[in-house]
Amino acid sequence: MAAVTRAKAYLKARHKAVYTALDALKLDALLLTHPADLAWLTNFTGDDSIGVITKKDFHLITDFRYVEQARLEAGWLKLTKREGKMADTLAGALLPLKASRIGFEANFMTFGQVAALKTALKEQAKGKPVPELVPIEDVLVNLRKVKDDQEVPLIRQAVDVAQEAFNAVRDLIMPGETESHLAGLLILELRSRGASDVSFPPSVAAGGARALPHYRPADIELKNNAPVLFDWGAVVGGYCSDLTRTFMLGRVPAKLKTIYNVVLEAQQAAIAFMRPGVLTTQCDRVARDVIEKAGFGEYFGHSLGHGIGRNIHEMPTMRKTGGEEELRPGMVVTVEPGIYLPGIGGVGIEDDVPITHSGC
Numbered sequence: 083m084a085a086v087t088r089a090k091a092y093l094k095a096r097h098k099a100v101y102t103a104l105d106a107l108k109l110d111a112l113l114l115t116h117p118a119d120l121a122w123l124t125n126f127t128g129d130d131s132i133g134v135i136t137k138k139d140f141h142l143i144t145d146f147r148y149v150e151q152a153r154l155e156a157g158w159l160k161l162t163k164r165e166g167k168m169a170d171t172l173a174g175a176l177l178p179l180k181a182s183r184i185g186f187e188a189n190f191m192t193f194g195q196v197a198a199l200k201t202a203l204k205e206q207a208k209g210k211p212v213p214e215l216v217p218i219e220d221v222l223v224n225l226r227k228v229k230d231d232q233e234v235p236l237i238r239q240a241v242d243v244a245q246e247a248f249n250a251v252r253d254l255i256m257p258g259e260t261e262s263h264l265a266g267l268l269i270l271e272l273r274s275r276g277a278s279d280v281s282f283p284p285s286v287a288a289g290g291a292r293a294l295p296h297y298r299p300a301d302i303e304l305k306n307n308a309p310v311l312f313d314w315g316a317v318v319g320g321y322c323s324d325l326t327r328t329f330m331l332g333r334v335p336a337k338l339k340t341i342y343n344v345v346l347e348a349q350q351a352a353i354a355f356m357r358p359g360v361l362t363t364q365c366d367r368v369a370r371d372v373i374e375k376a377g378f379g380e381y382f383g384h385s386l387g388h389g390i391g392r393n394i395h396e397m398p399t400m401r402k403t404g405g406e407e408e409l410r411p412g413m414v415v416t417v418e419p420g421i422y423l424p425g426i427g428g429v430g431i432e433d434d435v436p437i438t439h440s441g442c
């Protein structure tokens, strides 16, 4: 694999978006401590590393484990190998920049990390002025919520791999199989089809367990005449997918058949409604109206969906209150209404939907 010596054009476009944000916030530099943000701007995928972006340079502070990886994935970065504590090495890289205000994502640096960096800056400055560390929130998260032409195909591949893997284990969904065994087989099939990881630990929930929306599989056997629900996703090229399917083994109880049809109608109504310019809260309301009209409103307790990308949960969120914003071309969101009846079981149906200029 040859070293990458120049930033790709799509990376440079993302850098320009960060420059605009720096201007708006009156910042001279921005620390990148969240792996998804750093990977989005550089294609570097190592851990325990920090990026520093200014309008002139892009620095990467990493340790010996990732030096060669950084050269291969993003050899155009100005690389500093960490020696000793990260705060000391980072301070040594920041002071020569002569930056007055340096932003950091408050959601991704601990109080202790910020305090250690401030101390290191003062010690190394030896009485000279030190930069102000400015907490900011959700700047990169909001930049990343609209996917570009490089990202959408990767999410589509992640969806395809997830569906292919599921189809490979589908014939094994039968009474006597266990939740944990099926979840393990699903991970194996995802990996064998090119997934670098799972988006999250797969959920396989039999019978009444599915009334717990974030259930974790156990050594519990699937039973006849009972539902089983799969919630899973793949990571391909650094991007996630997120899917949910509900099955019945044997006879379908009338109550579950009813709620399955209601959930499917709610999902399809929401997808048909989604297009640029509509509000995320309106999308949630379309699905929630279907479920409430059928008399199951109190059993749909979560939001309609969320953005996906380098993280499994990204902006925008589609919930009934709060976080309201317009859908825009390039956003990719999950649409996942559900009805969960305690003691009986639940139904969830989830697909990943890209917003296009003409609809979705």
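Using the numbering used here, the letters of the sequence shown map in sequence onto residues 83 to 442. Don't be surprised by glycine CBs; every beta carbon is placed ideally from N, CA and C.
Q: Ignore the nearest five residues each way along the sequence and tell me which others in A288's own chain have a CB closer than 7 Å to its CB.
A: Translated into positions along the sequence shown, residue 288 becomes position 206. These residues qualify, in order along the chain: E261, I302, L304, K305, A308, V310.
Q) For V100 versus L225, is the C-beta spacing smaller than 8 Å? A) By 1-based counting over the sequence shown, the position of residue 100 is 18. By 1-based counting over the sequence shown, the position of residue 225 is 143. Yes.
Q. Do the stretch 382-402 and the stretch 363-370 make contact, defined as three or more Cβ pairs closer than 8 Å?
A. yes
Q | S131 beta carbon near the ligand GDP (any heavy atom closer than 7 Å) | A | Ligands in the displayed structure: none, and consequently the ligand GDP is not present.
Q) Between D129 and A175, what straight-line distance do the alpha-carbon atoms span, to the nearest angstrom? A) Translated into the one-based positions of the sequence shown, residue 129 becomes position 47. Translated into the one-based positions of the sequence shown, residue 175 becomes position 93. Roughly 18 Å separates the two Cα atoms.
Q) Buried or exposed: which applies to M397, given that a residue is buried once 16 or more other Cβ atoms fall within 10 Å of its Cβ? A) The count along the sequence shown starts at 1 and reaches residue 397 at position 315. Counting Cβ neighbours within 10 Å, M397 comes out buried, since at least 16 surround it.
Q: Locate the alpha helix (DSSP H) running through R367, then write down its first and last residues.
A: The sequence position of residue 367 within the sequence shown is 285, counting from 1. R367 -> alpha helix (DSSP H) spans 362-375.
Q.
Quick check on F193: buried or exposed, where buried means 16 or more other Cβ atoms within 10 Å of its Cβ?
A. If you number the sequence shown from 1, residue 193 lands on position 111. The residue is exposed, with fewer than 16 neighbouring Cβ atoms inside 10 Å.
Q) Looking at the structure shown, is F126 part of a helix, part of a strand, or coil, going by DSSP? A) Here the question's residue 126 lines up with position 44 in the sequence shown. Looking at F126 - three-state DSSP - the assignment turns out to be coil, as it is neither helix nor strand.
Q | F378, DSSP secondary structure in three states | A | Locating residue 378 in the sequence shown gives position 296, counting from the first residue. The answer is coil: DSSP assigns F378 none of H, G, I, E or B.
Q. Residues in its own chain within less than 6 Å of T162 by CB, not counting five upstream and five downstream?
A. Looking up residue 162 in the sequence shown gives position 80. Counting only Cβ-Cβ distances below 6 Å, and skipping sequence neighbours, we find I143, A175.
Q. Taking M83 as the reference, which of Q206, G157, A247 has the closest Cα?
A. Locating residue 83 in the sequence shown gives position 1, where the first residue counts as 1. The residue with the shortest Cα to Cα distance from M83 is G157.
Q | Alpha carbon of I255 to alpha carbon of A152, nearest angstrom | A | On the sequence shown, position 173 is the one that residue 255 refers to. On the sequence shown, position 70 is the one that residue 152 refers to. If you take the alpha carbons of I255 and A152, they lie about 43 Å apart.
Q: Name, in chain order, the residues that DSSP records as bridge partners for H395.
A: Position 313 of the sequence shown, counted from the start, is the residue given in the question as residue 395. H395 is not bridged to any residue.
Q) L325 by DSSP, collapsed to three states: which one? A) Here residue 325 refers to the residue found at position 243 of the sequence shown. Reduced to three states, the DSSP call for L325 is strand.
(Q) Please report the distance separating the alpha-carbon of T340 from that of V334. (A) Here residue 340 corresponds to residue number 258 of the sequence shown, with the count starting at 1. Here residue 334 corresponds to residue number 252 of the sequence shown, with the count starting at 1. One C-alpha to the other measures close to 10 Å.
Q. Taking just the CA atoms, how far does F355 sit from L172?
A. Indexing the sequence shown from 1 puts residue 172 at position 90. Indexing the sequence shown from 1 puts residue 355 at position 273. Rounded to the nearest angstrom, the two C-alpha atoms are 48 Å apart.
Q: Assuming M168 and I132 form a contact by the criterion Cβ under 8 Å, report the distance between their Cβ atoms to the nearest whole angstrom.
A: Counting from 1 along the sequence shown, the entry for residue 168 is found at position 86. Counting from 1 along the sequence shown, the entry for residue 132 is found at position 50. About 7 Å separates the two Cβ atoms, so the contact holds.
Q | Cβ-based neighbour list, R292, same chain, cut-off 7 Å, excluding 5 preceding and 5 following | A | Here residue 292 corresponds to residue number 210 of the sequence shown, with the count starting at 1. For R292, the pLDDT reaches just 49, beneath the cut-off of 50, and the residue's location in the model is therefore unreliable, leaving the point undetermined.
Q. Just reading off the alpha helix (DSSP H) that G194 is part of, what are its end residues?
A. Stepping through the sequence shown from its first residue, residue 194 is reached at position 112. Counting along the chain, the alpha helix (DSSP H) containing G194 begins and ends at 193-207.
Q) In the DSSP assignment, what are the bridge partners of R183? A) Residue 183 sits at position 101 when you count from the first residue of the sequence shown. R183 is bridged to E214.
(Q) Could you tell me the alpha carbon to alpha carbon distance between K229 and V223, rounded to whole angstroms? (A) Taking the first residue of the sequence shown as position 1, residue 229 is located at position 147. Taking the first residue of the sequence shown as position 1, residue 223 is located at position 141. Spanning the two alpha carbons is a distance of roughly 11 Å.
Q.
Quick check on DSSP: helix, strand or coil for V435?
A. The sequence position of residue 435 within the sequence shown is 353, counting from 1. In the structure shown, V435 sits in a strand (DSSP, three-state: E or B).
**Q.** Chain-order list of residues whose beta-carbon lies under 8 Å from that of E246 (same chain, five-residue window excluded)
**A.** Looking up residue 246 in the sequence shown gives position 164. Result list for E246: E271, R275, in chain order.
(Q) Our contact map puts V345 next to G430 with C-beta atoms below 8 Å; I'd like the distance itself, whole angstroms only. (A) One-based indexing of the sequence shown puts residue 345 at position 263. One-based indexing of the sequence shown puts residue 430 at position 348. At roughly 7 Å, the Cβ-Cβ gap stays under 8 Å, so V345 and G430 are in contact.
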